Amino acid sequence: MASARSICFLGRFRTAAGVGVSSVGIGWCASPVVKAKEQSVPPFTLSSAKFDQSTYVGRLYSIFDKIDPQTLLTSDAEVKRCQGLLEEFTRIQQLPAGATDAEMWEARKTVEAIIHPVSKEPMFWLGRMSAWGFVNVPISVIMLNAQSLPVVLFAQWLNQSYNVLSNYTNRSSLTVDWAGLLKPYAVAVAVSCGIALGARRAIKSMPALARLGIFVPYLAVISAGSCNVAFTRMDEWAGRGVCIYSPEGKELGMSVKAGQKAVFDTICTRCICLPIPVLFVPPLVMSVLPVTGAVAVVAELLVIVASIAFALPCALAILPQEMTLPTIALEPEYQSLTDSSGKKIMTVFANKGL
-13 MASARSICFL GRFRTAAGVG VSSVGIGWCA SPVVKAKEQS VPPFTLSSAK
37 FDQSTYVGRL YSIFDKIDPQ TLLTSDAEVK RCQGLLEEFT RIQQLPAGAT
87 DAEMWEARKT VEAIIHPVSK EPMFWLGRMS AWGFVNVPIS VIMLNAQSLP
137 VVLFAQWLNQ SYNVLSNYTN RSSLTVDWAG LLKPYAVAVA VSCGIALGAR
187 RAIKSMPALA RLGIFVPYLA VISAGSCNVA FTRMDEWAGR GVCIYSPEGK
237 ELGMSVKAGQ KAVFDTICTR CICLPIPVLF VPPLVMSVLP VTGAVAVVAE
287 LLVIVASIAF ALPCALAILP QEMTLPTIAL EPEYQSLTDS SGKKIMTVFA
337 NKGL
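Below you can see the structure in the form of structure tokens.
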């Protein structure tokens, strides 16, 4: 997932302390970005996002909120307190006594980072987007140091296993058939390992492929990642679908076509766009930095950490998490529905997942 210089550097950078420092760097390097934006706090509401979701910048700030690693340290009691504030706001339709707009936005941020938007249950902490950067640093170190065949296979298994966990945790559907999840998981791991082995052997048999440089692992990453998302979330696009809602917030039913769009959009952002900064930025930056020796090692570490830290929010912000779908693009049973006033429903909403 990096240049030849990155591989050499990571080969030397094997200590647990190094990985720990990298992880901490990912955790808090984006905090000032959101803090600067939060200088002016808008009036609190549950009906719309804190930041403008019609713009890329607004969605980017929202994603930074969702991946804030400080939420990993939130206690169950604090989560329940935040949920209580939101429930009280819903009941009285105004700020609870003693609460400020800033406190309510913070409560909403905490709940949305920890509680699944559909199941309303706490998400497993390792699968949350706020843990993505921490987990990917050691995984990247293992993958980039993999030389022997067993280590290559282990690295691919570890990477795709975490991807499955992340895809499951951030799914858009309510429930998952655990027995049915094992088969897609096995297929996803087999595909990723097969692609890794195929690329490895192809480069050995055809050295000219090495001239393609980082494009070879990029194609392998997006292929394996796409299969991983598709198989892990198969129930959404080839089974029961995802839940859709009217503009009034009423649950209308399950739609396979909405599920197909949710999975396709996720593949575009998570599998195709997400690897680009991680794979291409470090080699480009290091090629123009006039540093050598130990300074180059530290500089490359910082570049890789920053790339991983910002790759996720920049990719996820490309498309809104809440999809707006015209009913004409859905199943026939959803094309003639009416709202509470008798007006025909033209658009519906669904959770895309992350």
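Residue numbers (the numbering used here): -13 to 340.
Just so it is clear, CB atoms sit at the ideal spot from N, CA and C, and this is done for glycine as well.
All values derive from a computational prediction rather than experimental measurement.
| Item | Value |
| --- | --- |
| So, serine 126 versus proline 55, is the Cβ gap smaller than 8 Å? | no |
| Would the beta-carbon of serine 232 fall within 8 Å of that of alanine 210? | no |
| Can you tell me which of the three DSSP states glycine 239 falls into? | strand |
| By DSSP, does serine -8 sit in helix, in strand, or in coil? | Confidence in serine -8 is poor, its pLDDT being 42 and thus under 50, which makes the residue's placement too unreliable to answer from. |
| What whole-angstrom Cβ distance do leucine 305 and isoleucine 53 have, given they're in contact under 8 Å? | With a Cβ gap of about 16 Å, leucine 305 and isoleucine 53 do not count as contacting. |
| Is it the case that the region 30 to 38 contacts the region 82 to 92, given that we only count it when at least three CB pairs across the two stretches are under 8 Å? | yes |
| Could you tell me how far apart the beta carbons of threonine 310 and methionine 332 are, in whole angstroms, since I believe they sit closer than 8 Å? | Incorrect: roughly 10 Å between the Cβ atoms, too far for contact. |
| Would you report the Cα separation of arginine 226 and leucine 340, rounded to the nearest angstrom? | 19 Å |
| Tell whether a beta-carbon distance below 8 Å holds between alanine 182 and valine 150. | no |
| By Cβ distance, which residues of its chain are closer than 6 Å to lysine 247, with the 5 residues on each side in sequence left out? | none |
| Exposed or buried, what is threonine 76 when buried is set at 16 or more other beta-carbons lying within 10 Å of its beta-carbon? | exposed |
| Which whole-angstrom value describes the C-beta separation of valine 249 and alanine 216, a residue pair presumed to lie in contact below a C-beta threshold of 8 Å? | 6 Å |
| Applying the 10 Å Cβ sphere with the 16-neighbour rule, what's the burial state of phenylalanine 50? | buried |
| So, helix, strand or coil for valine 10, using DSSP? | Note that valine 10 scores 44 on pLDDT, short of 50, meaning its location in the model is unreliable; the coordinates nonetheless yield the value given after this. Of the three classes helix, strand and coil, the one that applies to valine 10 here is helix, per DSSP. |
| Using a 10 Å radius around the Cβ and a threshold of 16 neighbouring Cβ atoms, would you call threonine 324 buried or exposed? | exposed |
| Between serine 293 and isoleucine 253, is the Cβ-Cβ spacing less than 8 Å? | no |
| With a threshold of 6 Å on Cβ separation, who are the neighbours of alanine 344 within its own chain once the five nearest residues in sequence on each side are excluded? | For the chain, the structure presents residues -13 to 340; residue 344 sits outside this window and is missing. |
| Less than 8 Å separating the beta-carbons of glutamate 234 and serine 134? | no |
| Mind checking which residues open and close the beta strand (DSSP E) that includes asparagine 337? | 333 to 337 |
| Would you grab the beta carbon distance between alanine 206 and alanine 185 for me? Rounded to a whole angstrom, and I think it's under 8 Å. | 5 Å |
| Using the C-alpha atoms, what's the distance from methionine 129 back to glutamine 142? | 7 Å |
| Comparing alpha-carbon positions, which option in Leu238, Glu237, Val228, His102 lies nearest alanine 244? | Val228 |
| Give every residue of the same chain whose Cβ lies closer than 7 Å to the Cβ of alanine 188, excluding the five residues on either side of it in the sequence, and list them in chain order. | Leu195 |
| Would you call valine 291 buried or exposed, if buried means 16 or more other Cβ atoms sit within 10 Å of its Cβ? | buried |
| Determine the contact status of asparagine 153 and arginine 219, defining contact as a CB-CB distance below 8 Å. | yes |
| Buried or exposed: where does serine 9 fall if 16 or more other Cβ atoms within 10 Å of its Cβ makes it buried? | Note on serine 9: pLDDT 44, under 50, position unreliable in the model; the coordinate value appears next. The residue is buried, with at least 16 neighbouring Cβ atoms inside 10 Å. |
| List the whole-angstrom C-beta distance separating phenylalanine 338 from glutamate 317, where the pair is believed to meet the contact cut-off of C-beta under 8 Å. | Here residue 338 turns out to be lysine, not phenylalanine, going by the sequence shown. That pair is no contact at about 18 Å. |
| Would DSSP call valine 150 helix, strand or coil? | helix |
| Enumerated in chain order, which unbroken segments of the beta strand (DSSP E) with a length of 3 residues or greater are wholly contained in the region 252 to 305? | none |
| On the three-state DSSP scale, how would you describe leucine 340? | coil |
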